Amino acid sequence: MTTIGEHVELDLVPAGNHRRAAVVTRDQLLAAATALLGAGMRLALVSGHDDGTSMRAVYLFTSGPPDRRVELHLEIDRSSPQVPSLAGVSFPASRFEREMRDLFGIEPIAHPQPRRLVLHQHWPANWFALRHGTGHRPEMVADAGGFPFIPVEGAGVYEIPVGPVHAGLIEPGHFRFWVVGETILRMKARLWYLHKGIERLFEGRDVSSGLELAERISGDTAVGHSLAYCLAIEDALSIEIPPAARVSRSILLELERLYNHVADIGALCNDVGFALANARALGLREQLLQLNGEVTGHRLLRSGIRPGGARLQRLPGAGELSEVSEQFEDLIELATSNALVMERFTGTAVLDAAHGAELGVVGVAGRASGVGCDCRVAHPWVEAGAEFSETVRSDGDVRARFEVRVGEVRTSLALLSEMLGRAGELDSVAEIGEIVGSGEPAWRRSGVRTGLRSGEPSGLRSGVRTGLRSGEPSGLRSGVGITEAWRGAVVHRVELGPDRRLTRVKVVDPSFLNWPAVPVSLADTIVPDFPLANKSFNLSYAGNDL
Amino acid sequence: MSSSWPAATVAATSVLQVVLLVVGGPLLVGLMRKVRCRLEGRAGPPIHQPLLDLRKLARRERMRPEHATWVFSAAPLVLVGTTLVIAAVAPLLTTSPAFGQYGDLFAIVYLLLLGSVALALGALDTATAFGGMGASRAMTIGAVAEPALLLSVLALSIPAHSSDLPAIITGSLTHPIWLATPQRLLALVAFVIVIVAESGRLPVDNPSTHLELTMVHEAMILEYAGADLALVRLGESMRLALMICLLADLFVPWGIATAPGPAHVGLGLVAIVAKVAVLGAGLAAFEVTVARLRLFRVPELMAGAFVLAVLAVVSALVSP
């Protein structure tokens, strides 16, 4: 028994890499979650599961350093699927619960916003994509309701609808502004135009074809997502990956951060009309993309990361990196020495620390508001290196988000130089087939085989049971992967059946957690500054919509 | 001097001015884009690209919003019409007084602004959020830019005791010292700021943005398509060329035709083309170095222009 908080006792058993899990009842869930949040953990992921005769919700809490991951498993009665809502204690939970409600039909009890989140109004009611046995394409209906905008009324208030199709080459999202004069009273974003059912597409795939999908969750985060996926797979199968592969993976992760941050810095300048800096940044980005192409064979760094390791075609050269560094410093000098640019960035779209913490903002946006952590420190899978330093700002404005990116590019360049010295074989991949065949993952072999619950009915589809419950060799194996991708924490939780096929993959892109922060930051912002504010967050639509 | 301008020469000059603006306006926009691209290290489209765009747009279908009225359709015509009228009757290449009262600087400037008002009305007529937003912003900027423009024109006309454009230019040519007086320099700065604002250039507006929420001028014309859009594009480029032309005539008048005859007018033509190209390129180069002002800072910039114009007037009144 592990005591968390004052009165909550959880029967936590080891479940994986730094991960412990407990089965809770409906009555215990809220108290347990409150205690874990109170102990400084964040709710990183909530995943619904359809186990056949019953359903299940998994709540993953994380904190670090030291790396701690706690899972709460709640069994849900299939005949009336309900969970107690955690919306009162965690804002991210309220969003996860709405997502689960749309995709599994699991109703959060006493949820403050019992509305659709993922599925737009034309999806039929009572059609739940992630339940087993649900057909592929339902008949769309005119309006199943449940996706309203709440209007704002008053003298001089008018509405500006924008999107989902925009003038630039950006992803689709609909924004609705209620405005007096030029001041934004309220903004509501309607996303999920890119809902592709990725989590369902994972089901039934084997590990390597799951990787192809993970790389394509959000095109600009190929490394972040494929790495989180591989870490989760390796956690589930207890694969020890070679040290050289860890360094190679770190190199890829930083290369991805580099090209994206450079592009964002240029785009921020472009959005205030300073196209000169953007032209320079785009040139530098192209240089980085060409380097990426030579390092992995793909300009967006696909196919470098493999389950069990990493495969590079060559390492970036020290000379190439110092050239990038030189050009980058010129670019930053150009942008920061322009008073008009800095004036536009300063004080625009402020997200203060209190709001940021309450919303559970992660990554660049979190660090610019002085909240959140860097998973490279909190959940390390490679020695961070002496060059690692976190860039944190407290202002929470566009300038802070700009400066965090600048700091992170410098850190990435320093880390890359250091990693070059530690790099080993280019092609270093552990055999995953063999290890899977050898049976028990390491943490199970260590003698901990506590059945979380006794009297477990053979609930899962095709006789599959979760490893957590009984430790059976034929059981499901679960794994969690956490990486600090360039936008922030990417978390994957996978479950594998005994045939090593994926039965469930839950993906959390940092954009899912950060999108609600965009409207909050717009208080006191004027309409023509919205594109700049939005770009300073630069959240993914594809990663959010899944 | 006035009697020596034969009607045929005046008519020919008129036609020349119209052709010059219709062809030269889009070319000026192309030149400014080219300069900007080159300074940013990009190749950029050819200088005549705006002309090709006009041809492309003119062939396309006119799409008009369902509920728009004649105001929407008339706005591009007013915009192009007013600029054509100025091109036909205002002495841009010559100081010929044969243009009579049409050379009045106030008349020219306010004919130019009539086009802006027409576009704003056309934008409001579409009843879309963006049309209203763009029109409201353009009128906000216009309302603070116009007093500055009015006063700087006044400051220019005080030494010549006339607001007649040929009179002001002739005065400057006979007394070059006028060009270096404080009032003329102060009025120059105010005039340039107003030109930048009225033509929707950086740092007041960004003509190349795709961000619909930040647009001023572009938001007003979002609903125009096909030949209507071609007219709007033609009108705005002619307006830009006209304003720079006025700037050149008022502040760097040398080369302008002071006597009739093909040789003088030809020289005036070459001179004005060269001056406008240089000024346009300079404006484009300036744009590369600046970012766009926050919308609520624009009135502050205009207030600055207004103060300079007031100083110019005061300085003109107190100087001998």
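Protein sequence lines, in the order shown, are assigned to chains L and H.
With this note's numbering applied, the first sequence covers 4 to 549.
With this note's numbering applied, the second sequence covers 6 to 325.
Cβ coordinates follow ideal geometry from the N, Cα and C atoms, glycine included.
The structure displayed is predicted, hence computed values, not measured ones.
Which residues DSSP lists as bridging residue i, in chain order
i: L/Arg480; result: L/Leu499
i: L/Phe64; result: L/Leu46, L/Val73
i: L/Gln85; result: L/Glu110
i: L/Met103; result: Answer by DSSP bridge pairing: none, since L/Met103 is not bridged.
i: L/Thr2; result: The question about residue 2 of chain L has no answer, for chain L in this structure spans 4 to 549.
i: H/Thr99; result: H/Ala262
i: H/Asp254; result: According to DSSP, which records beta bridges pairwise, H/Asp254 is partnered with nothing at all.
Local conformation of residue i per DSSP, three classes
i: L/Arg48; result: One point to set straight first is that residue 48 of chain L is Leu, not Arg, in the sequence displayed. L/Leu48 falls in the strand class under three-state DSSP.
i: L/Leu318; result: coil
i: L/Ala492; result: strand
i: L/Ala90; result: coil
i: L/Ser449; result: Summary for L/Ser449: the model assigns pLDDT 37, below 50, so the residue's position carries little reliability; its value from the coordinates is reported in the next sentence. If DSSP states are grouped into helix, strand and coil, L/Ser449 belongs with coil.
i: L/Ile438; result: In this prediction, L/Ile438 has a pLDDT of 42, which is less than 50 and means its spatial position is unreliable; what the coordinates show is noted afterwards. In the structure shown, L/Ile438 sits in a helix (DSSP, three-state: H, G or I).
i: L/His177; result: strand
i: L/Ala433; result: coil
i: L/Glu162; result: strand
i: L/Met143; result: coil
i: L/Leu188; result: strand
i: L/Ala403; result: helix
i: H/Met68; result: coil
i: L/Ile79; result: strand
i: L/Thr562; result: With chain L represented from 4 up to 549, any question about residue 562 of chain L goes unanswered, as that position is not in the structure.
i: H/Val40; result: helix
i: L/Lys199; result: coil
Within chain H, the residues that residue i reaches when beta carbons sit closer than 7 Å
i: L/Pro531; result: Leu218, Thr219, Leu300
i: L/Glu185; result: Leu300
i: L/Phe277; result: Ala296
Within-8 Å CB hit, residue i to chain L
i: H/Leu288; result: no
i: H/Pro208; result: yes
i: H/His72; result: no
i: H/Gly309; result: no
i: H/Glu203; result: no
i: H/Gly46; result: yes
i: H/Ala172; result: no
Interface partners of residue i on chain H, CB under 9 Å
i: L/Asn341; result: Thr294, Val295, Ala296
i: L/Gly286; result: Gly46
Min CB distance residue i to chain H below 8 Å
i: L/Tyr196; result: no
i: L/Arg347; result: yes
i: L/Trp446; result: Confidence at L/Trp446 is low in this model, with a pLDDT of 40, below 50, so its placement is unreliable and no value can be given for it.
i: L/Ile268; result: no
i: L/Asp274; result: yes
i: L/Met282; result: Checking the sequence, you will find Ala at residue 282 of chain L rather than Met. Yes, because at least one Cβ of chain H sits closer than 8 Å to the Cβ of L/Ala282.
i: L/Val344; result: yes
i: L/Pro501; result: no
Distance between residue j and residue i (C-alpha atoms, nearest Å)
i: H/Val20; j: H/Ala93; result: 7 Å
i: L/Asp53; j: L/Pro84; result: 11 Å
i: L/Gly546; j: L/Ile236; result: 20 Å
i: L/Phe131; j: L/Glu100; result: 14 Å
i: H/Ala192; j: H/Glu223; result: 28 Å
i: L/Leu32; j: H/Arg206; result: 59 Å
i: L/Ala170; j: H/Thr87; result: 31 Å
i: L/Glu215; j: H/Ala79; result: 56 Å
i: L/Ala278; j: L/Thr56; result: 59 Å
i: H/Ala230; j: L/Pro127; result: 38 Å
i: L/Val144; j: L/His198; result: 17 Å
Interface partners of residue i on chain L, CB under 7 Å
i: H/His215; result: Ala170, Gly171
Chain L contact residues for residue i, given Cβ-Cβ distances below 8 Å
i: H/Met138; result: Ile163, Val530
i: H/Ala134; result: Tyr161, Glu162, Ile163, Pro164
Interface residues of chain H facing residue i [CB-CB closer than 8 Å]
i: L/Pro534; result: Leu216, Leu218, Thr219
Residue i CB to nearest heavy atom of the ligand MN below 7 Å
i: L/Asp355; result: Absence of the ligand MN from the depicted structure is noted, as is the absence of any ligand whatsoever, leaving it without description.
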